Each structure stands twice: as C-alpha cells, then as structure tokens.
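Visitor: Each step along the sequence shown adds one to the number in UniProt numbering, with nothing skipped, and position 109 is 109. All residues carry an ideal CB built from backbone N, CA and C; glycine is no exception. None of the values given here were measured: they were computed from a predicted structure.
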Amino acid sequence: MTDHRDLKQGVKNQFRESASALLKMITKQIAQIAELNGRLLEEHNFLKTKEQVQAKIDVRKIKIGIKNVRNIKEGGILIETISEKDLDKLIQHLKEQDELKENFNINKPTARKPHIICFDISPDTEEKALLDSLQEQFSEGTESKTDFAIKHHFKSRRGVNWIIEVDPTIWSKVTATRKLNLGWERINFREYLRPV
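Following this line, the structure appears as structure tokens:
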C-alpha cells in the first residue's frame with residue numbers, strides 16, 4: 001500500500017518539476033519577444049508623431065475641441081474630436097501642412113464590419129455551401145447577396161473554424177439566434193473580436 005502511495009507521490013513531483021521547467025522556458029521566450037518589440041518600436045514611435053502634429057497645429061487658434069488622443073500601431077495616433085465639424089476642420093488643417101501631408105496618411109477611420117466565428121464545421125463543407133446556408137437563414141426580405149463574406153478559416157481539433165464577416169443590417173438577426181443551421185447540422189458560433 002505504501003509503495004503505491006510513494007509511486008503516486010513520485011509521479012506528482014516529476015510532473016511538477018517538468019511543469020516548472022516548461023513555465024521557466026515560456027517566461028524566457030516572453031522576455032525575448034518583449035525585448036524585440038521594444039527595438040522595433042523605436043522606428044515607429046507614436047510620441048514623435050504626436051509631437052510633430054502638436055507642433056504644426058494649434059487647436060486653440062483654429063478652435064477645435066479635442067476629446068482624446070490615442071496611440072495606434074505603427075507609430076500612429078488617433079485623434080478624437082468633440083464634433084464631426086471639428087474633425088473635418090482638423091483634417092483640413094492637417095492636409096494643408098506640407099510636412100505632415102508628405103509623412104503621414106491622414107484620414108477618417110472606416111468602421112469595420114462585425115465578424116462571427118463558426119466552430120467545428122465539417123472539413124468537407126464547401127465555402128459556397130456555408131455562405132448559401134447562411135444567406136437562406138438570414139436574408140429574408142433583403143435583395144443583397146453580399147450579407148456574408150468568408151474572411152479566414154483554420155483547422156481545430158474537431159473540424160474547421162470559419163471567420164465570417166456579417167453585414168451590419170442583419171447583425172442583430174444573426175446574434176439573436178443561438179446556433180446556425182448548416183444542412184443537417186447545428187453549429188455553434190460567437191462574435192469574433194480581433195485585437196486592435
């Protein structure tokens with residue numbers, strides 16, 4: 001009886017040691033990745049972008065209300081104004097500055113269409129069959145055939161996961177359902193949120 005307990009305790013200790021070694025290896029990789037990202041960010045620095053814009057544009061002179069300034073990837077900034085009118089005025093003044101116009105892409109961000117991820121679909125399922133099935137379920141009363149667009153798919157343990165772009169006009173219909181019909185199957189899905 002004690003031999004069984006000793007064996008069990010030995011296995012537990014061995015598992016803890018291997019898990020600890022794996023965790024140490026993972027933290028080393030994370031530190032290296034963070035170090036590499038730090039070097040890459042020196043080239044595209046959002047602080048430099050912000051300083052250049054603030055040096056060229058005096059918001060008090062042109063009477064614009066700035067609500068927020070956020071950092072975005074690749075050294076860019078996102079400027080949020082109080083009103084749409086202020087935003088148009090700011091864009092106009094930014095485009096009048098030759099140095100800013102040459103070095104930066106100045107535009108209003110476009111809204112991204114919502115996405116869903118459909119889980120564990122049979123690998124035999126064709127893209128057209130999936131789109132047709134979704135179109136039949138949700139496009140009643142709409143003439144459009146472009147309510148859905150497949151963006152990406154990847155293998156999972158039990159099948160293939162599909163990322164599908166959904167037209168905003170039918171988004172509420174799609175999210176109101178619990179599962180999607182795909183022929184004889186009922187498939188799980190949820191909203192797919194990308195990192196920004």
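#1: Of all the beta strand (DSSP E) runs that stay within the bounds of the segment 42-113, which reach a length of 3 or more residues?
#2: Looking at residue 53: is its Cβ nearer than 8 Å to the Cβ of residue 100?
#3: Output the distance between the C-alpha atoms of residue 62 and residue 176, rounded to the nearest integer angstrom.
#4: Determine whether the beta carbon atoms of residue 121 and residue 184 lie at a separation below 8 Å.
#5: Between the Cα of residue 165 and the Cα atoms of 158, 159, 174 and 95, which residue gives the shortest distance?
#6: Pull up the CB-CB distance for residue 106 and residue 89, whole angstroms please, since I reckon it's below 8 Å.
#7: Hey, how far is the Cα of residue 75 from the Cα of residue 182?
#8: Taking DSSP as the reference, what is the three-state secondary structure of residue 127?
#9: Less than 8 Å separating the beta-carbons of residue 81 and residue 66?
#10: Have a look at residue 102 and residue 139 and give me their C-alpha separation to the nearest angstrom.
#11: When DSSP labels each residue in this structure, what does residue 185 get in the three-state scheme?
Guide: Judging by the given coordinates:
#1: 66-72 and 76-81
#2: yes
#3: 46 Å
#4: no
#5: 174
#6: Wrong, their Cβ atoms sit about 13 Å apart, outside the cutoff.
#7: Distance from the CA of residue 75 to the CA of residue 182, rounded to the nearest whole angstrom, comes to 43 Å.
#8: helix
#9: yes
#10: 45 Å
#11: The answer is strand: DSSP assigns residue 185 an E or B state.
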